[in-house]
Structure formats: structure tokens, C-alpha cells
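Peer 1: Its first residue numbered 212, the sequence shown is counted upward by one per residue in the numbering used here.
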Amino acid sequence: MMQLIPTPMFVDYDILLACGLLFFWCGYWLVHISAICYGKFHLYRKLEKEPPVQSVPTLISLENGSARKNIKQYPGVSILKPLVGVDPNLFVNLSSYFEMEYPIYEVLICVVDPHDPAAMVANRLLEMYPSVDAKLFLVCLCKSFYIGGSKVGVNPKINNVHAAYQAAKYSLILISDSSIKMKKDTLSDMVDKMSDKVAIVHQIPFTCDRIDNSTEPAISPPSENVTDPSLFLQLDGKSQFHSQTRLQQRRFVATLEKVFFGTAHARVYLVADLVGAICHTGMSTLLRKNVMDECGGLQAFAGYLAEDYFMAKFIVSRGWRTTISGYPGLQNNGGSDLRKFHDRLRRWVKLRIAMVPHTIILEPLSECLILGACAAWSAHTLSGGSIDPYAFYMVHILVWFLLDWILLNIMQVYSIKNYAWSL
212 MMQLIPTPMF VDYDILLACG LLFFWCGYWL VHISAICYGK FHLYRKLEKE PPVQSVPTLI
272 SLENGSARKN IKQYPGVSIL KPLVGVDPNL FVNLSSYFEM EYPIYEVLIC VVDPHDPAAM
332 VANRLLEMYP SVDAKLFLVC LCKSFYIGGS KVGVNPKINN VHAAYQAAKY SLILISDSSI
392 KMKKDTLSDM VDKMSDKVAI VHQIPFTCDR IDNSTEPAIS PPSENVTDPS LFLQLDGKSQ
452 FHSQTRLQQR RFVATLEKVF FGTAHARVYL VADLVGAICH TGMSTLLRKN VMDECGGLQA
512 FAGYLAEDYF MAKFIVSRGW RTTISGYPGL QNNGGSDLRK FHDRLRRWVK LRIAMVPHTI
572 ILEPLSECLI LGACAAWSAH TLSGGSIDPY AFYMVHILVW FLLDWILLNI MQVYSIKNYA
632 WSL
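As C-alpha cells, this is what we get:
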């Protein structure tokens, strides 16, 4: 009786790897399309209804002149503004919170050191806007305790705003970084998104157009004693050259930040919010104080440097939802510096890897050039060499850039062609 010997099975690992990479490549195009569609139909939508009535202690009625018309009740909002140091745009950013078109809110400005120049900026705004309910909290660090509050953890931001959080009189809390500039109707939109099942409304990070407002004159105006402008230009030619160089550097970094936050960062952020994943960034966050108090308030998260992630994780675990505002959070830093921008991204990557370790593999694969190279090799391998990998790679980059351009226009809400050509 003949005994059949089984033929050994050989696994072509190149084929398996190529299939996996091509599958991931196809799936990531779905991420592109989803981000564009969700951004188009979610961002910059006009309010179709008034902000909902919340179960909060303080509600007011609006009047139109002497006649009561379309009376609506609005929930009050306590705005917490942690400040450390100043930059050229701090005054503009902070003043935007005193000019919002929302009927009832308070601004609680928190400064760590009473000698910080930010306290002078805050006091000036308090004098300029006496009709706005605003207070300045000076939280002075003194070795192991805080004057005006307690050192509740390692997180400096929570230590700064903790006293103001305890003193807040409204049940909706907006915590916003000093670099964020608000549009006048942004707070109304954020309150509108705070539905019955939502406990956190946050803004997707983006940037202001800082090409013009971050510039400085190439040369100082001539002195009254100098009658010949050409003489002044000759004397100050070196200063003019360095000033122009710094101006071009700031323009480049400002555009780089806008492209990053308007494409790669926005793409993942929008899709994460669409599918209900935690994507909370604490630059500008509106939250329910009663939900936070259930776990001990902000103090419960003072032991984390990434307090925004763990805050959202806790709230979602209790059955609440998070969502993004229809208005992006406009970062308006006074000075654009390439090293600071890279250090910031590096710090975020370290935090993400510490919290979600598998991102160390997924994030590099989601980059245009790396993913395109992998997909080109996969297509060439699976086609038996009939597909030119170089042509495939160039088409991949072209389509990727086109979709990024569309998404950036959605984030910018108007055409970016003038902004792009400013380089």
C-alpha cells in the first residue's frame, strides 16, 4: 500500500506583507474621505437654534429693547484662563474673551506669580471692560503650598486654575489656554453642542492667520533729527536685513503650523470624533462641572500631565459623550519658532506612546511618504512587476496633496491660495 507523503506548504511572506500594507493603504484613503465629509458638514455651521436650557443655577432672559421678544434662557459659563508669562499676542487673545456675544459668563484669570507681566495685562483688561464679570486670581507658588489655592498635583495647569475652579459660580466650565483667540460666537456654538448626553465640548486645534499680525516693521521709523531717509537706511541696513530674515522665518513657521493642524492633525482628529474615539485636546474645553465633581473635580486629574486625555476617558466611561465645536480653536502665539514647534510635537508623541503604545507603529505608517512607498512596493509585488512603483508613488503623493488641500480649505473656511503664496 502506497503511503502519500504530504507536500510541504510554503508561505510567501512577501505576499502576505504586501496584502496587509495595501489593505492598510486602502483603509487610510477612507480616513481622508471621512475627515473631509465630516469637516464639511460639521464645521462652521450656523446656529439653527438657541443654546439649550441646562440644569444650572443661573439662567437669564434676554430682551430686545423695551419689548420682550424671543425670550430665551441661557446657561451661565465660567471661563478659566491660566496665564504664565506674556507674548505679543496675549492682550489680543485675552481681550477676545471680554467681547464674546454671549449673555452670561464670567472670566476668571489665573496667574501663578503676582510679579508675572501677565497680571499687568489682565488688570488692564479688567479696567477696560468694567461691565464684564471678571476676576484675577494670583496663585503664588511658595515652596510646598500655594497662596490663594493648594498645590494639588504635578500638573501645573490644574494647580494654576484650581482656586478659580472652586470659586466658579456656573455649572459650565470653559478652560482655555492663553494662546487661544475666540470668535465672538464661539461660546454660543460650544454651548449649543452641549446636548443632554454630552459632557465635554472641545475645539479642534487650528491656527490664526499670523502672517500679518505677527510681523514687525523691517526698520524703525526715522528720528525727527534725520532729514534724509536714505541716510537712515544706510545707517540701519544691517538691522533691516536681520529684521527681514526673522520675518521670513516667522512666516514659514506660521504656515508650517497651519498646514500641520489643518491636514495631518485635523484628519485624525475629525475621524476620531466621528467614530466616538477619545481625541480630546485641552486647549479649549467646555465641560459640565457637576460631572467633574463626581470624581473629585479637577484635583482628581492633577497627577497626570495629559490631564485632558484622562479627563475625557473618565467621562466617557460614565456613559457621557464628547464632541467638537463647530469652530476650531484658533492658536495665536505671539512668536513662531521652529524649534518650539518641533519640541511641542515631540512632547505630544511621547505622551501618545506612553498612553497608547501601538501608535509607535501606526503613526509612521500613516505618513504620506512612508505609506506611499509601502503601497508602491505592495502593488508592484502583487502585480508580478507589471505596475511601475515609481509612477504609483507619484500618483499617491499627488492625490494625497489634493485631499490635504481640500481639508485645509475646509478648516480655513475660505480659500488659502493667498496664504500659501505668501511664502
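We put the CB at the ideal spot given by N, CA and C, even for glycine.
If you're wondering where the values come from, they're calculated on a predicted model, not measured in any experiment.
Could you give the distance in angstroms between the alpha-carbon of Gly493 and the alpha-carbon of Ala587?
Peer 2: Roughly 38 Å separates the two Cα atoms.
Peer 1: Could you give the distance in angstroms between the alpha-carbon of Asp615 and the alpha-carbon of Asn334?
Peer 2: Using only the alpha carbons, I get a separation of about 42 Å.
Peer 1: Grab the span of the beta strand (DSSP E) containing Phe348 for me, first residue to last.
Peer 2: Looking at the DSSP string, the run of the beta strand (DSSP E) that includes Phe348 is 344 to 349.
Peer 1: Who are the near neighbours of Arg563 in its chain, counting only those whose CB is closer than 8 Å to its CB and skipping five residues on each side?
Peer 2: Hits under 8 Å: Thr570, Glu574.
Peer 1: Which residues bound the alpha helix (DSSP H) around Leu516?
Peer 2: From DSSP, Leu516 is part of no alpha helix (DSSP H); its letter is neither H nor E.
Peer 1: Three-state secondary structure (DSSP) at Glu317?
Peer 2: Three-state result, Glu317: strand.
Peer 1: With DSSP as the reference, identify every bridge partner of Ser495, one or two as the case may be.
Peer 2: Ser495 is bridged to Ser387.
Peer 1: Whose C-alpha, out of Asp554, Arg421, Leu509, Asp548, is nearest the C-alpha of Gln623?
Peer 2: Measuring from the Cα of Gln623, the nearest candidate turns out to be Arg421.
Peer 1: Kindly say whether His253, judged by its beta-carbon, lies nearer than 8 Å to any beta-carbon of chain C.
Peer 2: Included in the structure is just one protein chain, with no chain C present.
Peer 1: CB Leu541 to CB Ile320, shorter than 8 Å?
Peer 2: No, the pair does not count as a contact, with Cβ atoms beyond the cut-off.
Peer 1: Which residues in the same chain as Gly238 place their Cβ atom closer than 6 Å to its Cβ, once the five residues preceding and following it in sequence are excluded?
Peer 2: Contacts found: none.
Peer 1: Give the straight-line distance between the Cα atoms of Ile271 and Lys561, rounded to the nearest whole angstrom.
Peer 2: Note on Ile271: pLDDT 44, under 50, position unreliable in the model; no value is reported.
Peer 1: Can you check DSSP and say which residues form a bridge with Gln460?
Peer 2: None, per the DSSP bridge assignment.
Peer 1: So, at 8 Å on beta carbons, what are the nonlocal neighbours of Leu233 in its own chain, with the 5 sequence-adjacent residues on each side left out?
Peer 2: Only Ala586, Ser589, Ala590, Leu593 meet the Cβ criterion.
Peer 1: Assuming Ile415 contacts Ile535 under a Cβ cut-off of 8 Å, what Cβ separation, rounded to an integer in Å, is found between them?
Peer 2: About 5 Å separates the two Cβ atoms, so the contact holds.
Peer 1: Using the three-state DSSP reduction, which class does Thr474 fall into: helix, strand or coil?
Peer 2: Of the three classes helix, strand and coil, the one that applies to Thr474 here is coil, per DSSP.
Peer 1: Which residues in the same chain have their Cβ closer than 6 Å to the Cβ of Thr438, if we skip the five residues on either side of it in sequence?
Peer 2: Model confidence at Thr438 stands at a pLDDT of 40, short of 50, so the residue's coordinates are unreliable and nothing is read from them.
Peer 1: Using the three-state DSSP reduction, which class does Ala410 fall into: helix, strand or coil?
Peer 2: In this structure, Ala410 counts as strand in the three-state DSSP scheme.
Peer 1: Taking 6 Å as the limit between beta carbons, can you name the residues of its chain near Phe302, skipping five residues before and five after?
Peer 2: The answer, listed in chain order, is Val332.
Peer 1: Under the three-state reduction of DSSP, which class applies to Leu541: helix, strand or coil?
Peer 2: In the structure shown, Leu541 sits in a strand (DSSP, three-state: E or B).
Peer 1: Considering Tyr285, what are the terminal residues of the beta strand (DSSP E) in which it resides?
Peer 2: Its beta strand (DSSP E) spans residues 284 to 286.
Peer 1: Near Ala523, what residues of its chain come up, given a Cβ to Cβ distance below 7 Å and the 5 sequence neighbours on each side ignored?
Peer 2: Within the same chain, Ala523 has close Cβ partners Ile411, Ile489, His491, Thr533.
Peer 1: By the three-class DSSP mapping on this structure, what secondary structure does Asn424 have?
Peer 2: Low local confidence applies: a pLDDT of 44 at Asn424 is under 50, so the model's placement there is unreliable, with the coordinate-based value given in what follows. In this structure, Asn424 counts as helix in the three-state DSSP scheme.
Peer 1: Is Pro293 helix, strand or coil when you go by DSSP?
Peer 2: Looking at Pro293 - three-state DSSP - the assignment turns out to be strand.
Peer 1: Using the Cβ count rule (16 or more neighbours within 10 Å means buried), how would you classify Glu578?
Peer 2: Exposed, because fewer than 16 other Cβ atoms sit within 10 Å of the Cβ of Glu578.
Peer 1: Leaving out five residues on either side along the sequence, give the residues of the same chain with a beta carbon under 6 Å from the beta carbon of Ile598.
Peer 2: The residues are Ala590, His591.
Peer 1: To the nearest angstrom, how far is it from the Cα of Gly514 to the Cα of Leu613?
Peer 2: Distance between the alpha carbons of Gly514 and Leu613: 43 Å.
Peer 1: Where does the unbroken alpha helix (DSSP H) through Arg256 begin, and where does it stop?
Peer 2: Per DSSP, Arg256 belongs to no alpha helix (DSSP H) and is neither H nor E.
Peer 1: Who are the Cβ neighbours of Tyr480 in its own chain at under 7 Å, not counting the five residues just before and after it?
Peer 2: Same-chain partners within the cutoff: Ile415, Cys490.
Peer 1: Measure the C-alpha to C-alpha separation of Tyr381 and Phe521 and round it to an integer number of angstroms.
Peer 2: Looking at the two C-alpha atoms, the distance is approximately 23 Å.
Peer 1: If you reduce the DSSP assignment to three classes, tell me which class Pro416 lands in.
Peer 2: Pro416 falls in the strand class under three-state DSSP.
Peer 1: With Arg557 as the anchor, note down where its beta strand (DSSP E) starts and where it stops.
Peer 2: No beta strand (DSSP E) contains Arg557, which is instead part of the alpha helix (DSSP H) from 549 to 566.
Peer 1: For Ile226 versus Leu291, is the C-beta spacing smaller than 8 Å?
Peer 2: Going by C-beta atoms, Ile226 is not nearer than 8 Å to Leu291.
Peer 1: From the DSSP output, in three-state form, read off Ile535 for me.
Peer 2: Three-state DSSP puts Ile535 in a strand.
Peer 1: Expressed to the nearest angstrom, what Euclidean distance is found between the alpha-carbon atoms of Glu518 and Asn366?
Peer 2: For Glu518 and Asn366, the distance between alpha carbons rounds to 8 Å.
Peer 1: Assign Ala223 to one of two classes, buried (16 or more other C-beta atoms within 10 Å of its C-beta) or exposed (fewer than that).
Peer 2: First, the amino acid is wrong: residue 223 is Asp here, not Ala. Classification of Asp223: exposed, given that the 10 Å Cβ count is below 16.
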